[in-house]
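For reference, the structure is listed below as structure tokens.
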Amino acid sequence: MSKPRLLFMGTPEFAVPSLRRLIEAVYPIVGVITQPDKPRGRGRRLQPPPAKELAAAHELLILQPERVRDESFLQLFRGLNPDLVVVAAFGQILPPEILERPPLGCINVHPSLLPKYRGAAPLNWTLIRGETTTGVTIMMMDAGVDTGDIIMRRETPVAPGETYDLLHDRLARLGAELLLETVALLAAGRAVRTPQRQEEATYAPRIRKEDGCIDWRRDAGAIVNLIRGLSSTPGAYTFLGGKMLKIYRAAGRPGDTGAAPGTVGTATKDGLPVAADDGWVYLQDVQLEGKNRMAIHDFLRGFRLPERSRCG
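Using our numbering, the first residue of the sequence shown is number 8, and each one after it goes up by one.
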């Protein structure tokens, strides 16, 4: 068939490379569905989602329904009559009509190697759990949470020390390229659907604020992975001198510290050491409550660290 008419559904930065590649490939995009503008910053001014900004720059039709399940939106959806719906980090659960009405179906760009890390926060948990390999999956969506048939997957190693921000941007670009290949296969009728193996499924639930609180009784590697997985948003944190200290980058060094977990050592060129269960965690990039983010040595120049300080 000729190039299918696409309806794109996506909201945050992760969605932008996928939408951009579809635009560059000159697919007919009948509309871009994204979440409503939200207030941000100190002034709480309404800010458009990144996907909306890109769509507006290319003069695409933009719709921002509060609920895609509402009949008022579904009437608009029927009028758009897409051949294929493409979803990339949209942020709402889709009703059966959107999943089933398009002739080519509804596909999703998911940043994990499904069936591993189904759910809301696959990138975060991939790093928190210390995975060394990850990737992107393009799946055919169904009524379950990331349970649909796999069309394409592509693996990539996780670099040592790679943070959420870096992995997010890399997988967004990888997903965009894989999406382009998938749409071409679907249009040509050559896409192969492979059911997921339910027994291999793992889950990546939404990150809660308490998930970011560092327990210094854990081993240094696990603490560093938590910091990597939450950097830069929402940020792993501890408390120092009664104030919240967010930590965005750190390195672990195994060994006997001779100190209770949470004890702060003397700063070195590697950072500010804090004792964990099996070694030191060297803090390298931090933000104290009410202050700007900064490298640890800049932070220490402006913060008087009392003797025998403890984190926690």
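Ideal Cβ positions, reconstructed from N, Cα and C, are used throughout, including at glycine.
Residue i versus residue j - alpha carbon distance
i: T201; j: M301; result: 47 Å
i: I221; j: I234; result: 8 Å
i: I40; j: R51; result: 23 Å
i: Q71; j: G259; result: 44 Å
i: M16; j: I100; result: 11 Å
i: A274; j: P280; result: 6 Å
i: V93; j: Q82; result: 19 Å
i: R136; j: V152; result: 21 Å
i: R213; j: G86; result: 34 Å
i: K321; j: R180; result: Residue 321 cannot be examined here, being either before or after the span of the chain that is shown, 8 to 319.
i: T189; j: L111; result: 11 Å
i: E314; j: N299; result: 24 Å
i: F310; j: R47; result: 29 Å
i: A191; j: R76; result: 29 Å
i: T307; j: V288; result: Just to set this straight, residue 307 is Leu in the shown sequence, not Thr. Using only the alpha carbons, I get a separation of about 16 Å.
i: L61; j: T154; result: 29 Å
i: L185; j: A150; result: 23 Å
i: M148; j: D44; result: 26 Å
i: A282; j: V271; result: 7 Å
i: T324; j: Y124; result: Since the displayed the chain opens at 8 and closes at 319, residue 324 lies outside it and no answer follows.
i: K276; j: Y255; result: 17 Å
Residues near residue i by beta carbon distance below 8 Å, same chain, minus five either side
i: T165; result: Looking at the sequence provided, one finds Val at residue 165 rather than Thr. T133, L134, E138, T139, T140, T141, L174, listed in sequence order.
i: F97; result: M16, G17, T18, A22, I40, T41, Q42
i: N131; result: Y171, A211, I214, G236, L237
i: A128; result: A211, P212, R213, I214
i: E217; result: none
Extent of the continuous beta strand (DSSP E) to which residue i belongs
i: F306; result: Looking at the DSSP string, F306 is not in any beta strand (DSSP E); the run it does join, the alpha helix (DSSP H), is 303 to 309.
i: N115; result: 113 to 117
i: I100; result: Here I100 belongs to no beta strand (DSSP E), and DSSP marks it neither H nor E.
i: K45; result: 45 to 47
i: D90; result: Premise fails: D90 is in no beta strand (DSSP E) and is neither H nor E.
i: D292; result: 286 to 295
i: G17; result: 13 to 17
i: L53; result: 52 to 54
i: G38; result: 36 to 40
Sequence-distant residues of its chain with Cβ nearer than 6 Å to residue i (five each side left out)
i: A183; result: P24, S25, R28
i: K253; result: G242, Y244, Q294
i: L2; result: Outside the displayed span of the chain (8 to 319) sits residue 2, for which this structure offers no information.
i: I30; result: H65
i: Y34; result: K10, L13
Host alpha helix (DSSP H) of residue i (start-end)
i: L83; result: 78 to 87
i: R28; result: 23 to 31
i: A282; result: From DSSP, A282 is part of no alpha helix (DSSP H) but of the beta strand (DSSP E) over 279 to 282.
i: L130; result: 129 to 135
i: L61; result: 57 to 64
Chain-order list of residues whose beta-carbon lies under 7 Å from that of residue i (same chain, five-residue window excluded)
i: R204; result: P122
i: R224; result: P268, D284
i: G219; result: L237, P241, G242, A243, Y244
i: G286; result: A227, G259, R260, P261, G262, T264
i: L109; result: According to the sequence provided, residue 109 is Pro. The question's Leu does not apply to it. So the qualifying residues of the chain are P89, D90, L91, V92.
i: V231; result: A257, A258, G259, V288
Going along the chain, which unbroken runs of the alpha helix (DSSP H) with 4 or more residues stay wholly within the stretch 187 to 274? 227 to 236
Are at least three pairs of beta-carbons, each pair with one atom in the stretch 133 to 152 and one in the stretch 174 to 186, less than 8 Å apart? yes
Taking contact to mean at least 3 C-beta pairs separated by less than 8 Å, is the stretch 155 to 162 in contact with the stretch 120 to 134? yes
Could you pull out every unbroken beta strand (DSSP E) segment of at least 3 residues lying fully inside the stretch 148 to 172, listed in chain order? 157 to 164
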